[in-house]
Amino acid sequence: MVKDLEEDDGEDAGPAKGKGGKKKLIVIVAAALVVLLAGGGAAFFFLGGKKAPGEQAGEEKIDPNAALKPPLMHEMADIVVDLKTDQCRTPFLKLKVRLAVTDEKDVTILKEIEPFLIDKLKVHLRDLTANDLRGAAGSEKLRFDIANMIVVSGGKPVKLRAVLFKEFLLQ
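At position 167 of the sequence shown the residue is numbered 167 (the working numbering), and the sequence of numbers has no breaks.
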């Protein structure tokens, strides 16, 4: 009985398999095209329609000339603090900081948060020693700390381009 089935399959399956295979291939290709088109349409819908490839819905457009514009400067109030030491005579630091930003609204945000920023900066500086601030590594670390304080202090994001030291006097 097993031999009968195997013989039947071998004799009749040859020509029928070719016709059925083409039909199956056409059905599979059509189904794949439908799935791809439906997926593309769903992606188009969920990604916001006719937006540019890198642009999110509700996002502001980036001005390509923004990097060419000169930065706006905001000069903070002078900061004078005594530094941490175990000696009788304490060193002090006099600091004048300028902040370079890209937009006028960033300047207004900086003016709003400046008292809080100066307070945080003074507390931070009083925990440092004179050796922490000496050399290029010390001033670069202080720039980084000031930039981080600006990010933490403001509830609104500020596009900070640079932290510049107008005066850095360590005695």
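No residue lacks a Cβ here, since even glycine has one placed at the ideal position from N, Cα and C.
>> Within the continuous alpha helix (DSSP H) that includes ARG98, where are the two ends?
In response: Looking at the DSSP string, ARG98 is not in any alpha helix (DSSP H); the run it does join, the beta strand (DSSP E), is 92-101.
>> Would LYS156 and THR102 qualify as a contact pair, given that the criterion is a beta-carbon distance under 7 Å?
In response: no
> What residues are listed by DSSP as bridge partners for HIS74?
Replying inline: LEU99
> Rounded to a whole number of angstroms, what is the C-alpha to C-alpha distance between ASP86 and PRO70?
Replying inline: 45 Å
> Leaving out five residues before and five after VAL97 in sequence, what residues of the same chain have Cβ atoms less than 6 Å from its Cβ?
Replying inline: MET76
> How many Å lie between LYS42 and ASN148 at the Cα?
Replying inline: Looking at the sequence provided, one finds Ala at residue 42 rather than Lys. About 40 Å.
> When DSSP builds the beta bridges, which residues end up paired with VAL81?
Replying inline: LEU93
>> For VAL163, list the residues DSSP reports as bridge partners.
In response: LEU99
> For ASP106 versus PHE92, is the C-beta distance shorter than 7 Å?
Replying inline: no
> Can you tell which of ILE150, ARG143 and ASP132 has the C-alpha that lies nearest to the C-alpha of LEU170?
Replying inline: ASP132
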